[in-house]
Amino acid sequence: MAHPKRRQSKTRRDKRRTHDVAVVPQIAKDPTTGENHLYHRAHWHEGKLYYRGQVLVDSTEEAK
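Note that our numbering numbers the sequence shown so that position 64 is 64, with each residue one more than the last.
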């Protein structure tokens, strides 16, 4: 285990530990549906899977 020869300040320790603590997810608005979703994620809207404004999967066609 690491064994420091002299004590480091609490401020230094806290700076090292807090670099990724408060990460807020970014929300985008789909241009086609107007639906809010997370960036870089596909989302479902009315039975269709959308990504970047384009339909990837249409589950309504499978049901017919």
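Ideal Cβ placement from N, Cα and C applies to all residues, glycine included.
> Residues in its own chain within less than 7 angstroms of Pro25 by CB, not counting five upstream and five downstream?
Replying inline: Closer than 7 angstroms at Cβ, skipping near neighbours: Leu38.
| message | Tell me which residue opens and which closes the beta strand (DSSP E) that Asp14 is part of. | response | Counting along the chain, Asp14 falls outside any beta strand (DSSP E), though it belongs to the alpha helix (DSSP H) covering 10-17.
Requested in this report: Return the chain-ordered ranges of every alpha helix (DSSP H) run that is complete within the stretch 19-64 and spans a minimum of 4 residues.
Outcome: Taking only runs of at least 4 residues, the alpha helix (DSSP H) segments lying wholly in the stretch 19-64 are 59-63.
Whether Gly47 touches Thr32 by CB criterion (8 angstroms): Using a Cβ distance threshold of 8 angstroms, Gly47 and Thr32 do not count as a contacting pair.
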